[in-house]
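Encoded as structure tokens, the structure appears first; notes follow it.
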Amino acid sequence: MCILDVEVIKSYVRMCNDGWLQGWHERNGGNLTYRMTKEEVEACKDSFTYDRPWVPMGVTAENLAGEFFISTGSGKYFRNVILAPEENICIAELNAKGDAYRVVWGLTKGGRPTSEFPTHLLNHSVKYDITGGKHRLVMHVHPVNTIALTFVLPQNDKDFTREIWDMMPECAVVFPRGVGILPLMLTGSIDIAKATAEKFKEYDVVVWSMHGIFSSGENFRDVFGIIETVEKAAEILVKV
Ligand code: 13P
Ligand code: ZN
1320 MCILDVEVIK SYVRMCNDGW LQGWHERNGG NLTYRMTKEE VEACKDSFTY
1370 DRPWVPMGVT AENLAGEFFI STGSGKYFRN VILAPEENIC IAELNAKGDA
1420 YRVVWGLTKG GRPTSEFPTH LLNHSVKYDI TGGKHRLVMH VHPVNTIALT
1470 FVLPQNDKDF TREIWDMMPE CAVVFPRGVG ILPLMLTGSI DIAKATAEKF
1520 KEYDVVVWSM HGIFSSGENF RDVFGIIETV EKAAEILVKV
């Protein structure tokens, strides 16, 4: 079976394209990582090669040692994923210490996983422990209205959450723990990875001020739905 016909790869590609259609991914904006099940790795592994080098990540996720992640490539455009998945996404394996990865499939024209890989990994690590392995997906997006609000709303979790929640009754149901917010920090850095992971101990949605949203969940549908809901409430607030 061609790896592009494996269900999880198809779902991943669809999610990238859906995000693009929402306007969340200008240029190379945003990134998506998914922790594969053993069965999914099995279904894909005939396409894997093991000749690319191990790359240290600068962070350690011991509880994710040996796991396989699908990731968007750094600098790659979400809008191109559906046209050429093998050039724009990859599968990366974590080593036995959980501190380095190697690409085993994809990025056929070169490249590396997203520059936010450290943040994704630490988020996965935190959620792995909290949810007993149920959360598999971390998505980062650049949605206009949520970002716009970070320029005017109070920069604390409680007030930011309250302003968003007040726009739609569904919000408190879809993200009952609310939204964490971080100040503007250096993107792609280890500091922002650690700060985001700290917030993920409490929330499933974390807003990066003047930058975007990170969200974690069990599957493609749930994470997409959470981000859609946050951004829709933000749009209502901007219009109000
Ligand atoms: P990458 O292209 O490295 O994934 O970066 C995009 C981005 O949104 C950085 O925050
Ligand atoms: Zn970003």
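For the sequence shown, this note's numbering gives the first residue as 1320, with consecutive numbering after it.
For glycine and all other residues, C-beta sits at the position ideal for the given N, C-alpha and C.
Since the model is a prediction, treat every value here as computed from it, not as a measurement.
Item	Value
Measuring only the C-alpha atoms, how far is Thr-1438 from Ala-1419?	14 Å
What did DSSP end up calling Arg-1455 once you bin it into helix, strand or coil?	coil
Going by C-alpha to C-alpha distance, which of Ile-1509, Val-1498, Glu-1482, Asn-1399 sits closest to Ser-1434?	Ile-1509
Does the beta carbon of Gly-1531 fall short of 7 Å from some heavy atom of ligand 2?	yes
Around the Cβ of Leu-1323, are there at least 16 other Cβ atoms within 10 angstroms (buried) or fewer (exposed)?	exposed
Taking 7 Å as the cut-off, does the CB of Gly-1267 come closer than this to any heavy atom belonging to ligand 1?	Given a span of 1320 to 1559 for the chain in the structure shown, any question on residue 1267 remains unanswerable.
Which whole-angstrom value describes the C-beta separation of Met-1376 and Leu-1440, a residue pair presumed to lie in contact below a C-beta threshold of 8 Å?	6 Å
What number of angstroms, rounded off, separates the C-alpha of Pro-1406 from the C-alpha of Lys-1518?	The question names Pro, but residue 1406 in the sequence shown is Glu. Glu-1406 and Lys-1518: Cα-Cα distance of roughly 33 Å.
Going by C-alpha distance, which of Val-1400, His-1454, Pro-1372, Thr-1450 is nearest Asn-1414?	Pro-1372
Between which two residues does the alpha helix (DSSP H) carrying Val-1493 extend?	1489-1493
Give me the Cα-Cα distance between Ile-1401 and Gly-1507, rounded to the nearest whole angstrom.	25 Å
Compare the C-alpha of Ala-1467 against each of Val-1327, Trp-1527, Phe-1436 and name the closest.	Trp-1527
How long is the line joining the alpha carbons of Lys-1446 and Cys-1321, rounded to whole angstroms?	31 Å
With DSSP collapsed to three states, give me the class of Asn-1350.	strand
With DSSP as the reference, label Ile-1500 as helix, strand or coil.	strand
Going by the CB atoms, is the gap between Gly-1338 and Phe-1388 shorter than 8 Å?	no
Between Ala-1403, Tyr-1353, Ser-1330, which lies nearest to Met-1458 when the distance is taken from Cα to Cα?	Tyr-1353
Have a look at Pro-1462 and Gly-1342 and give me their C-alpha separation to the nearest angstrom.	7 Å
Round the Cβ separation of His-1454 and Ser-1535 to the nearest angstrom and send it over; I've been treating them as touching at under 8 Å.	5 Å
Could you check what DSSP says for Arg-1294 in three-state terms: helix, strand or coil?	The structure shown does not extend to residue 1294, since the chain is modelled only from 1320 to 1559, so the question has no answer here.
Suppose the cutoff is 8 Å on Cβ atoms and the five residues either side in sequence are ignored; what does the same chain contact list for Phe-1494 look like?	Tyr-1522, Asp-1523, Val-1524, Ile-1545, Thr-1548, Val-1549
Using the Cα positions of Cys-1490 and Trp-1424, report the straight-line distance between them to the nearest angstrom.	38 Å
Is it true that the CB of Asp-1478 sits closer than 8 Å to the CB of Gly-1497?	no
In chain order, what residues of the same chain lie with their CB nearer than 8 Å to the CB of Pro-1502, ignoring the 5 residues before and after it?	Gln-1474, Ser-1528
Under 7 Å from any heavy atom of ligand 2, does the C-beta of Gly-1544 make it?	no
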